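Note that our numbering gives residue 391 to position 376 of the sequence shown, counting from 1, and the numbers run on in steps of one.
Cβ coordinates follow ideal geometry from the N, Cα and C atoms, glycine included.
Here the structure is a predicted model, which means the values were calculated and not measured.
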Amino acid sequence: MTSGEWVVLAGIVIAVALGTVLLTPISGNGSGDNGDAGDVRGVSIMLDAQLVADEHVDDEDTSVEGGTPNVYGDHFSTYHCRLNKRPGSLPSFMVIGVHKGGSTALYGYLAKHGHIRPAKCKETLFFESQSRWKKGLDYYQRLFPKTNSTPGIITGEGTPGYIRRPVAVVRISETVPHAKFIVSFRDPVERFISHFVGFNKKNRIIGTCMGHFSELREKLDACVDNYKPEEHVPILTDLNGETAWDALQRFADPSMLAETLNGKIAPSRANQSTCNVHDAQCKRRYCFGIKEHMESAIGRSVYVDQLVRWLRFFPPDQILIIQSEAMYKDVPGTLNLVAQFLGLRPFTDDEIVSFSRTNTGSNHHGMQLSETCDRPTLGQFFAPENELLEAVVKAQFPDAFARWMPWQR
Ligand SMILES: Nc1ncnc2c1ncn2[C@@H]1O[C@H](COP(=O)(O)OS(=O)(=O)O)[C@@H](OP(=O)(O)O)[C@H]1O
16 MTSGEWVVLA
26 GIVIAVALGT
36 VLLTPISGNG
46 SGDNGDAGDV
56 RGVSIMLDAQ
66 LVADEHVDDE
76 DTSVEGGTPN
86 VYGDHFSTYH
96 CRLNKRPGSL
106 PSFMVIGVHK
116 GGSTALYGYL
126 AKHGHIRPAK
136 CKETLFFESQ
146 SRWKKGLDYY
156 QRLFPKTNST
166 PGIITGEGTP
176 GYIRRPVAVV
186 RISETVPHAK
196 FIVSFRDPVE
206 RFISHFVGFN
216 KKNRIIGTCM
226 GHFSELREKL
236 DACVDNYKPE
246 EHVPILTDLN
256 GETAWDALQR
266 FADPSMLAET
276 LNGKIAPSRA
286 NQSTCNVHDA
296 QCKRRYCFGI
306 KEHMESAIGR
316 SVYVDQLVRW
326 LRFFPPDQIL
336 IIQSEAMYKD
346 VPGTLNLVAQ
356 FLGLRPFTDD
366 EIVSFSRTNT
376 GSNHHGMQLS
386 ETCDRPTLGQ
396 FFAPENELLE
406 AVVKAQFPDA
416 FARWMPWQR
């Protein structure tokens, strides 16, 4: 090749390279849903710079909500997510719920384990919050320490909204398909009361406990009464158009469905995508699949639909359910079970002693406030869903349920 030809060739190579740099779309967070102006590299870099300027960046975590530090000197904040300078490892585990089920305490206890490095914040909200999700995977990983260079050391987070938010399970299954998930189910009545007291104190719920309950029940009843099969459109679009009811019937493992639901759902309904108008149970499933009811103080205590949605995306072996009350009664015993599930050694005596200095996330129940709640009435309301849940976890719920460990079969 002559020197002139070399110059022409070099010019072409440079032009192609420049064009690639300027026009290559950023896969960014891999979500496929940030089709905005940030898709062109130059603009995206600008957005990143803004993003960094908006966030606190440090390697020295100054937050102290995690109580006393663990062996690494780690503190974590519950909500305040400071960023590390560099991306860390993806989480190996997540505490996914339930809201008011003791998730703060559980995450705090786990953070004391010598083989666990906590995230910058317990609740990253990454998979459930559109604005956080849009920040991308690099942002998410900067909330975690780098653990994959040290064998046996893992990290994780704890966002209790994940279990009930369909979008979260879909995104998590795409991002960390091999992670393990821990959920603590609290007696639905006690969860409701804790929710009411906490939100009432923050003026997010005004009025009495039973006043609020009646209001939510009336709205749910109206949904059930007004059910029209012809209007039964897919609600949970994240589930490819499946409703919670559809999902319940297409349980992850068909043999498990037949066995666990044990006649509670008539075979004739197997392929039914709409409810018979006389079938209150079916209509209730449908209504709890609608965001308004799913997110309400009663909806958050309805665990069966939440669990079944997760089981559509993850094998049971990746999920450990404990009962909050069982954890409160025996914290070391329960946490050792969680350690076993995560493939870690048991907690040492020193680590267990440090549990007592962990924030439990209590709202310090005002006696008067919780006394306005009528437990028998609430218990009756949650009974149908508890019964369905019993069929799935094969134990009386909440009375004789302590844990569900399908991974130990
Ligand atoms: N060890 C122990 N014993 C008894 N109760 C305990 C314990 N650890 C956590 N808790 C109770 O769990 C409730 C807070 O749950 P969460 O941390 O999941 O709340 S949140 O969803 O993060 O807001 C909150 O419940 P309420 O006090 O009823 O509001 C905590 O008191």
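Query raised in the report: For Lys-306, does the three-state DSSP call read helix, strand or coil?
Result: Residue state, collapsed to three classes: helix.
Query raised in the report: Whole-angstrom Cβ separation of Trp-191 and Pro-244, contact assumed at under 8 Å?
Result: Looking at the sequence itself, residue 191 is Val, so the reference to Trp does not match. Taking a contact as a CB-CB distance under 8 Å, the pair Val-191 and Pro-244 does not count as one, their CB atoms being some 38 Å apart.
Query raised in the report: Is Ile-221 buried or exposed, if buried means 16 or more other CB atoms sit within 10 Å of its CB?
Result: Label assigned to Ile-221: exposed.
Query - Secondary structure, alpha helix (DSSP H): runs of 4+ residues fully inside the region 105-173 - result: Listed in chain order, they are 118-125, 145-148, 151-156.
**Report entry** Run of the beta strand (DSSP E) containing Leu-335, from where it starts to where it stops
**Finding:** Residues 334-338.
Query raised in the report: Of all the alpha helix (DSSP H) runs that stay within the bounds of the region 373-418, which reach a length of 4 or more residues?
Result: Correct list: 382-386, 390-408.
Report task. Identify, in the order they occur along the chain, each residue of the same chain with its Cβ nearer than 6 Å to the Cβ of Arg-418, setting aside the five sequence neighbours on each side. Result -> Excluding sequence neighbours, Arg-418 sits near Ile-337.
Query raised in the report: Using DSSP with H/G/I as helix, E/B as strand and the rest coil, what is Val-86?
Result: Three-state result, Val-86: coil.
Query raised in the report: If you follow the alpha helix (DSSP H) that Ser-369 is part of, which residue opens it and which one closes it?
Result: Where Ser-369 is concerned, the enclosing alpha helix (DSSP H) stretches over 364-370.
Query raised in the report: Quick one, are the C-beta atoms of Phe-108 and Lys-195 less than 8 Å apart?
Result: A contact, by the Cβ cut-off of 8 Å.
Query raised in the report: With C-beta atoms as the reference, is Pro-203 less than 8 Å away from Ser-316?
Result: For Pro-203 and Ser-316, yes; Cβs fall inside 8 Å.
Query raised in the report: If we call anything under 8 Å between Cβ atoms a contact, is His-128 one with Leu-359?
Result: His-128 is a Cβ neighbour of Leu-359, given a cutoff of 8 Å.
Report task. Flag Lys-115 as yes when its Cβ comes closer than 7 Å to any non-hydrogen atom of ligand 1, and as no otherwise. Result -> At least one heavy atom of ligand 1 falls within 7 Å of the beta-carbon of Lys-115.
Query raised in the report: How would you label Ser-4, buried or exposed, when you count the other beta carbons within 10 angstroms and need 16 or more for buried?
Result: The question about residue 4 has no answer, for the chain in this structure spans 16 to 424.
Report task. Give the C-beta separation of Arg-201 and Ile-168 to the nearest angstrom, bearing in mind that I take them to be a contact with Cβ-Cβ under 8 Å. Result -> Under the criterion of beta carbons closer than 8 Å, Arg-201 and Ile-168 do not qualify as touching, at roughly 30 Å.
Query - Cut-off 7 Å between Cβ atoms - residues of its own chain near His-227, not counting five sequence neighbours on either side - result: Closer than 7 Å at Cβ, skipping near neighbours: Phe-211, Ile-220, Ala-312.
Query raised in the report: What residue from Gly-151, Leu-384, Asn-85 has the CA that sits closest to Pro-102's CA?
Result: Nearest C-alpha to Pro-102: Gly-151.
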